[in-house]
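Trainee: Residue numbers (UniProt numbering): 1 to 251.
Ideal Cβ positions, reconstructed from N, Cα and C, are used throughout, including at glycine.
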């Protein structure tokens, strides 16, 4: 949530503050979701020296970053899925392929970060890939040979090394339902559905055989009695009644 909130504030400022030169224009094209009095307070803060200093410092810090992806808000999981769907054999994309696809740049667009390190890394990856093709060695990913070992890269924030080791068939649900709850839920479901199923079956039989008389036990058409006791719990008397009625029906 913290990251999403920071992204929201950044996009709001870029779209409704940095885009215009004067406060009059900013007020004219303010977002409809923000009341005008609150937006005026935002403008006052963004125009303050404190906010301007923070903005300049953050801009300098972003300029020092290198080897940044150019996917925008898209995730690595989505990119991996798209690359896998594009593959003829639906194989999982290699780290090298994910890296090169996530660093592509539009020549007609201006970027704030330098990509010299990225181009150098891609060049080294291409050299390693050529060496692997000549030696017929596909056991090691060229990306892992070029980039130093460290934290897990090209997977996003939620992925960990332990999760990568788990195969899909070995994955277990993150929730566990107590057996008592499942049994109680099953009994309630039976009690709720039994009268409806009984009514549907009896109606079908009577529609196919007009004039037929059927003796249906009360516990099959009444989900719960007046005392609140579950009617699905049969006693000896209702069991004998059911057997007698079943005999009449068979005759």
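With respect to the alpha helix (DSSP H) encompassing residue 87, which residues constitute its N-terminal and C-terminal limits?
Mentor: First-last for residue 87: undefined, no H or E at that position.
Trainee: Going straight from the alpha carbon of residue 74 to that of residue 82, what length do you get?
Mentor: 11 Å
Trainee: Are there 16 or more other CB atoms within 10 angstroms of the CB of residue 106, so buried, or fewer, so exposed?
Mentor: exposed
Trainee: Run through DSSP, which three-state label would residue 19 get?
Mentor: coil
Trainee: Could you tell me the alpha carbon to alpha carbon distance between residue 17 and residue 27, rounded to whole angstroms?
Mentor: 9 Å
Trainee: With DSSP collapsed to three states, give me the class of residue 48.
Mentor: coil
Trainee: What is the residue span of the alpha helix (DSSP H) that residue 114 lies within?
Mentor: Per DSSP, residue 114 belongs to no alpha helix (DSSP H) and is neither H nor E.
Trainee: If we count the other Cβ atoms within 10 Å of its Cβ and call it buried at 16 or more, is residue 201 buried or exposed?
Mentor: exposed
Trainee: Among the candidates 209, 111, 78 and 190, whose CA atom is the shortest distance from the CA of residue 98?
Mentor: Per the Cα distances, 78.
Trainee: Starting from residue 182 and walking both ways along the alpha helix (DSSP H), at which residues does that stretch end?
Mentor: 179–208
Trainee: Does the beta-carbon distance from residue 113 to residue 146 come in below 8 Å?
Mentor: Between residue 113 and residue 146, the C-beta spacing is not below 8 Å.
Trainee: Is it a yes or a no for the segment 116–134 touching the segment 63–71, going by three-plus beta-carbon pairs under 8 Å?
Mentor: yes
Trainee: For residue 66, which three-state DSSP category applies?
Mentor: strand
Trainee: Taking just the CA atoms, how far does residue 57 sit from residue 131?
Mentor: 44 Å
Trainee: Ends of the alpha helix (DSSP H) at residue 102?
Mentor: 95–102
Trainee: Which residue comes first and which comes last in the alpha helix (DSSP H) that contains residue 143?
Mentor: Start and end: 142–146.
Trainee: Is it true that the CB of residue 102 sits closer than 8 Å to the CB of residue 154?
Mentor: yes
Trainee: Do residue 141 and residue 94 have their CB atoms nearer than 8 Å?
Mentor: Yes; because the gap between Cβ atoms is below 8 Å, this pair is in contact.
Trainee: Just verifying my parser: in three-state terms, what is the DSSP assignment at residue 2?
Mentor: helix
Trainee: Which of the three DSSP states is assigned to residue 58 in this structure?
Mentor: Correct three-state label for residue 58: helix.
Trainee: Which residues in the same chain as residue 212 place their Cβ atom closer than 8 Å to its Cβ, once the five residues preceding and following it in sequence are excluded?
Mentor: 205 and 206
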